[in-house]
Amino acid sequence: MFLFEGTATGLSGWHHVHQATSPALGVNENGDRFGAALAAADFDLDGKEDLAIGAPDEDADPIVDSGWVFVFEGTSSGVAPWQAFGQSALETDETNDEFGHALAVGRLNNDLYWDLAVGSPERGLGSGSVFVFTGNSTGLTGFDQLKQSDVGGSNEEDDYFGSALAIADFSGDGRHDLAVGAPGEDIESSNLVDAGQVYMFKPVLNSINGWHHFGQSGLGVDESGDYFGSSLAAGEVWNTGAGNKPDLVVGAPGEDLNSASVDNAGAVFVYSGGSTDMVGRIVVFEDDTLTLSAFTDTPESEDYDRFGAALCIGNFDGDADGDLVVGVPMEDSYDQGGFVQFPNDDANNWFTWVYPIQQSYSAVLY
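Going by the numbering used here, the sequence shown wraps up at 371, each residue one higher than the last.
Now the structure itself:
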């Protein structure tokens with residue numbers, strides 16, 4: 006894992022760490038995928054950010070690919086090895102669980118310490134689980150295991166619950182809530198396979214309770230192979246004025262654009278925060294309505310672009326509104342993939358700002 010230090014002129018190479026960085030937390034082995042997921046927070050409240058690193062294919066000998074998380078403590082000179090753990094603090098390590106596939110930080114119990122949520126989407130033959138570890142003065146401690154059944158869902162094979170995580174105070178009650186993607190969730194009532202769902206959890210006193218779950222219904226059309234919930238991001242991207250709550254952005258990289266007969270082009274859905282649920286529908290992004298802009302090929306949505314496979318929210322232009330970046334890893338223009346950045350200038354206007362592929366994208370308002 007390579008760390009770059011922020012400076013007044015940009016990022017500068019700092020140092021790198023691995024599982025065997027002294028004092029060693031583990032052994033560097035082929036296929037561990039150390040660095041597959043990252044999250045940072047001050048878990049022990051010492052004033053310095055700590056770094057959690059997922060290694061979802063780490064073996065808990067002799068258990069193959071069960072997954073581990075490695076935690077490096079922030080110091081004045083960088084990060085230092087601190088903790089390493091698997092699921093055994095809360096459950097039994099199992100083969101191919103992929104513990105550490107996704108990480109997110111927030112305050113999920115009734116104290117001031119930052120906590121860590123860890124996705125284990127392959128656990129239980131792909132049913133999936135999320136494990137929550139609470140911060141304290143000495144590090145992270147196992148706290149709770151979450152499943153779809155906690156929110157009225159069914160724990161089924163290949164749902165991949167825990168593939169993506171996001172934490173924010175979506176309800177505005179002063180406590181962080183947890184969103185969990187299950188992109189392989191089937192909607193059996195409609196005979197839809199791998200349509201995907203998002204499950205919401207809300208902390209109550211010293212426990213984490215199921216809140217509700219949802220798919221595209223009402224905003225888009227749930228379809229087989231959409232993989233809704235493959236990626237998640239939380240932040241205020243829809244400025245509605247005073248009392249604004251964080252919004253939840255959900256990627257569905259397998260979404261078909263049926264109007265253009267384009268398979269797996271992908272789409273992104275934005276849901277507004279609210280006190281009761283996350284069904285405040287706002288906007289759907291698709292790379293479907295395009296204009297030619299200094300580009301030699303006709304820009305258009307294409308099969309298997311996977312628009313929405315990765316998401317990021319930040320205030321890139323320094324105004325009062327959050328901006329959204331969407332990954333398009335299979336975009337074929339010059340075989341380079343790409344991303345699209347959507348700055349938000351107020352509550353009603355989204356527009357394309359910068360992207361490495363010279364296309365103009367539009368947001369479709371609902």
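The C-beta atom is built at its ideal place from N, Cα and C for all residues, glycine as well.
These numbers were taken from a predicted model, which means no experiment stands behind them.
By the DSSP assignment, the alpha helix (DSSP H) with residue i in it spans what residues?
i, result
"L130", "128-131"
Am I right that residue i and residue j are in contact with their C-beta atoms under 8 Å? What's the rounded C-beta distance?
i, j, result
"P251", "F321", "With 8 Å as the limit, P251 and F321 do not qualify as a contact, their Cβ atoms being about 17 Å apart."
"V267", "E307", "7 Å"
"L316", "V254", "5 Å"
"D149", "I192", "D149 to I192, Cβ: 27 Å. No contact."
"I172", "G111", "3 Å"
"N269", "Y204", "Actually they do not touch by this definition, with Cβ atoms about 23 Å apart."
"G31", "A89", "6 Å"
"G79", "E54", "5 Å"
"A107", "G201", "Rounded, the Cβ-Cβ distance is 15 Å, inconsistent with contact."
"E241", "G327", "5 Å"
"G124", "L170", "6 Å"
The beta strand (DSSP E) that contains residue i, what's its start and end?
i, result
"Y276", "272-277"
"Q150", "144-151"
"L56", "55-60"
On the DSSP bridge assignment, give the partners of residue i in chain order.
i, result
"S17", "E10"
"D328", "G319"
"A25", "Paired residue(s): none; A25 is not in a bridge."
"L50", "In the DSSP output, where bridge partners are listed per residue, L50 has none listed."
"L253", "A239, Y276"
"G140", "L145"
"V267", "L262"
"L43", "I58"
"D312", "Here residue 312 is Phe; the residue named in the question, Asp, does not match the sequence. DSSP output for F312 lists G271 as bridge partner(s)."
Do the stretch 161-175 and the stretch 120-139 make contact, defined as three or more Cβ pairs closer than 8 Å?
-> yes
Evaluate contact between the stretch 31-40 and the stretch 49-56, counting only Cβ atoms and requiring at least three cross-stretch pairs below 8 Å.
-> no
Secondary structure, beta strand (DSSP E): runs of 3+ residues fully inside the stretch 170-247 = 182-187, 202-209, 212-219, 236-240
What residue ranges within the stretch 95-137 form continuous beta strand (DSSP E) runs of no fewer than 3 residues, ordered along the chain?
-> 107-111, 120-125
Do the stretch 213-221 and the stretch 139-147 meet, that is, are 3 or more Cβ pairs less than 8 Å apart?
-> With a cut-off of 8 Å on Cβ pairs, the stretch 213-221 is not in contact with the stretch 139-147, counting fewer than three such pairs.
Where are the beta strand (DSSP E) runs, 3 residues long or more, that stay fully inside the stretch 74-98, in chain order?
-> 83-90
Pair every Cβ in the stretch 223-238 with every Cβ in the stretch 184-192, then say whether three or more of these pairs are closer than 8 Å.
-> yes
On the three-pair Cβ rule with 8 Å, is the stretch 71-82 touching the stretch 91-100?
-> Yes, the stretch 71-82 is in contact with the stretch 91-100.
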